[in-house]
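Taking full-length UniProt numbering, the leading residue of the sequence shown gets 1, the next gets one more, and so forth.
For every residue, glycine included, the Cβ atom is placed at its ideal position computed from N, Cα and C.
Here is the structure we will look at.
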Amino acid sequence: MKILIVEDEPELLKVMSVFLEREQYVVERATDYASGLSKIANYTYDCILLDVMLPGGSGISLLRALRDMGKLDSVIVVSAKDAVEDKVQGLELGADDYLAKPFHLSELLARIKTVIRRNNQHREQALEFKNVKLFPEDRKLLVNELEVCLNRKEYDLFYYFMIRPGKLVPKTALAEAVWGDSADQADSLDFIYSQIKNLRKKLKDSHAEIDFQAVYGIGYKLM
1 MKILIVEDEP ELLKVMSVFL EREQYVVERA TDYASGLSKI ANYTYDCILL
51 DVMLPGGSGI SLLRALRDMG KLDSVIVVSA KDAVEDKVQG LELGADDYLA
101 KPFHLSELLA RIKTVIRRNN QHREQALEFK NVKLFPEDRK LLVNELEVCL
151 NRKEYDLFYY FMIRPGKLVP KTALAEAVWG DSADQADSLD FIYSQIKNLR
201 KKLKDSHAEI DFQAVYGIGY KLM
């Protein structure tokens, strides 16, 4: 899952980034209004952590721009402890939650998990497709009720397909979702083929009734 942190305090940005990366999230960063606007306009995130006070503009304006684009990314507004007006305005504009500074990282993680779970269109405890079940909360894959071990990138890639069964997923979208926004600048996307190959083998070895169908020059479908 991919998170964008829009925060201009270097030390807080670093602490949040390191913590969330350790929790298996792909983390992107923006430190001012302009870079934040560019990120939200060009990419999609599972959750955006949005500081209110930013160089060049406000986080509230970024939230308004995001919703005006028709994008439904989950948003947690982060602001000073007693900034009631920021909280009210953010929630009225469609923020999913509000977190006052200072906060504990454990609380931040709990808030992120809650808004992602709440806003995910697949609200079931498990995602099921044929004889395969994926449990997002536990990052666990079962085939015929037996667990199949996946590494971090394999899980993130497979999750992206499991919430879009039968749909064509372009390689560029996969790269951005799993490897971060800079992946669209890579000279080659051959690394995706390698991950798909590994997943195919694990699915086949576990007798899964699903497989990846390649669409030449575009991407893959989970069928």
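Where does H122 sit, in a helix, a strand or coil, going by DSSP? The pLDDT assigned to H122 is 49, lower than 50, so where the model puts this residue is not dependable; a value taken from the coordinates is nonetheless given after this. Coil, per DSSP.
Quick one: what does DSSP say K14 is sitting in, helix, strand or coil? K14 sits in a helix when the DSSP states are folded into three classes.
Per DSSP, which residues does I163 bridge with? Please list them. Bridge partners of I163: none, in fact.
In chain order, what residues of the same chain lie with their CB nearer than 6 Å to the CB of S206, ignoring the 5 residues before and after it? Taking S206 as the centre and dropping the five residues before and after it, the same chain places the C-beta of V143 and V148 closer than 6 Å to its C-beta, in chain order.
Below 7 Å CB to CB, which residues in the same chain sit around H122 once its five sequence neighbours on both sides are set aside? Residue confidence for H122 is low, a pLDDT of 49 falling below 50, so the modelled location carries little weight; the figure read from the coordinates is stated next. Around H122: I163.
Report yes if the CB atom of V27 is closer than 8 Å to the CB atom of S17, and no otherwise. Taking the C-beta atoms as reference points, S17 is found nearer than 8 Å to V27.
Strand pairing of A214, partner residues [DSSP]: Within the DSSP secondary-structure output, A214 pairs in a beta bridge with Y220.
By DSSP, does S74 sit in helix, in strand, or in coil? In this structure, S74 counts as strand in the three-state DSSP scheme.
Does the pairing of the segment 188-196 with the segment 110-122 give three or more beta-carbon distances under 8 Å? Three or more Cβ pairs closer than 8 Å define a contact, and the segment 188-196 falls short of that threshold against the segment 110-122.
By Cβ distance below 6 Å, which residues in the same chain neighbour residue 249 in space, the five residues on each side in sequence not counted? Past the edges of the chain, shown from 1 to 223, lies residue 249, and the structure says nothing about it.
Would you tell me roughly how many angstroms separate the C-alpha atoms of L66 and L127, rounded to the nearest one? Using only the alpha carbons, I get a separation of about 28 Å.
With distances taken Cα to Cα, identify the nearest neighbour of Q89 among S106, E107 and S61. Checking every option, the nearest Cα to that of Q89 belongs to S61.
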